[in-house]
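First comes the structure, then the notes that go with it.
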Amino acid sequence: MRPYICIWTLSLRSLISSCQMQLQDSKVSTFKVSPDMLREEVEKYNRFAERLEPFIADTVHVTNESISQKKKILVLVEGGQPTMLDIDFGTYPFVTSSSPSAGGICSTGLGIAPRVVGDLIGVVKAYTTRVGSGPFPIVEYEVLLGWQTDISSIRSYSDLPKAAQRYVERIEELVGIPIHYIGVGPGRDDLMYK
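Numbering (mature numbering (1 follows the signal peptide of the UniProt record, and there is no 0)), first residue to last: -18 to -1, 1 to 176.
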């Protein structure tokens, strides 16, 4: 048996045992797991683990090995709402426990040196949201004119309504970075190059 499967089996048993102990005194005591149910669950997830194993690697090692071999690599790094969720720079207490901002790519994320990072493409949305409940305070905001025109078929920046152009230009001004791609609809091809 592979080491990670042994660890998984022990973790699942511990989790189920903990849940059973917490619920045994409650009025909702319907959480009952037989040894057969546990065995079936472990076997099901072991099959998942075996199917996924070829796609799992120590990404810090693989990435740095490729860099040291001077391989040209393309790395996709995802961090939803990075700065806003960043543990250090985000909108505390509405943050995650990691550093998904651009700086986190080097220090705590991929573990690669900043000097080897080449071109970056940032994909952002124009507003911040959170899941869950509770207040999400807004410190300051700016009101810009909107537009009532359907822009989903527009593929040229100059054809956008003037208010939409002013919106994009204001975002560029605020973040200090040029915007190259603008999404105008839900599809992958619903975008234009500025």
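For glycine and all other residues, C-beta sits at the position ideal for the given N, C-alpha and C.
Is DSSP giving residue 103 helix, strand or coil here?
Here residue 103 corresponds to residue number 121 of the sequence shown, with the count starting at 1. Coil, per DSSP.
Could you tell me which residues DSSP pairs with residue 164 in its beta bridges?
Counted from its first residue, the sequence shown places residue 164 at position 182. DSSP output for residue 164 lists 174 as bridge partner(s).
Under 8 Å by Cβ, that's how I've got residue 67 and residue 77 pegged, so tell me the actual separation to the nearest angstrom.
In the sequence shown, residue 67 corresponds to position 85, counting from 1. In the sequence shown, residue 77 corresponds to position 95, counting from 1. Correct: roughly 5 Å between the Cβ atoms.
Measuring CA to CA, which of 141, 72, 173 is closest to residue 163?
Numbered from its first residue, the sequence shown carries residue 163 at position 181. Of 141, 72, 173, the residue nearest in Cα terms is 173.
Between which residues of its own chain and residue 96 is the CB-CB distance below 6 Å, once the five residues before and five after are set aside?
Your numbering for residue 96 matches position 114 in the sequence shown. So the list reads 88, once near-sequence residues are dropped.
Sort 33, -6, 39, 135 by Cα distance to residue 18 and report the nearest one.
The residue given as residue 18 occupies position 36 in the sequence shown. Comparing Cα positions, the closest option is -6.
Can you give me the Cβ contacts of residue 167 inside the same chain, cut-off strictly under 7 Å, excluding the 5 residues immediately before and after it?
As a first step, residue 167 is located in the sequence shown; it is residue number 185 there, counting from the start. Closer than 7 Å at the Cβ level, and outside the excluded window around residue 167, lie 134.
Where do the ends of the alpha helix (DSSP H) carrying residue 98 lie?
Taking the sequence shown and counting its residues from 1, the one referred to as residue 98 is at position 116. Unbroken run through residue 98: none, as it is neither H nor E.
Quick check on DSSP: helix, strand or coil for residue -10?
Here the question's residue -10 lines up with position 9 in the sequence shown. Judged by DSSP in its simplified three-state form, residue -10 adopts helix.
Going straight from the alpha carbon of residue 55 to that of residue 69, what length do you get?
As a position in the sequence shown, residue 55 is number 73, starting the count at 1. As a position in the sequence shown, residue 69 is number 87, starting the count at 1. Cα-Cα distance, rounded: 28 Å.
Ignore the nearest five residues each way along the sequence and tell me which others in residue 80's own chain have a CB closer than 6 Å to its CB.
Taking the first residue of the sequence shown as 1, we reach residue 80 at position 98. None.
Sorry if obvious, but does the Cβ on residue 104 come closer than 8 Å to a heavy atom of the ligand MN?
Inclusion of the ligand MN in the displayed structure is not the case, the ligand content being empty and no account of it being possible.
Can you tell me the Cβ-Cβ gap for residue 145 and residue 128, rounded? I've got them flagged as a contact below 8 Å.
Stepping through the sequence shown from its first residue, residue 145 is reached at position 163. Stepping through the sequence shown from its first residue, residue 128 is reached at position 146. The distance from the Cβ of residue 145 to that of residue 128 is about 6 Å, consistent with a contact at the 8 Å cut-off.
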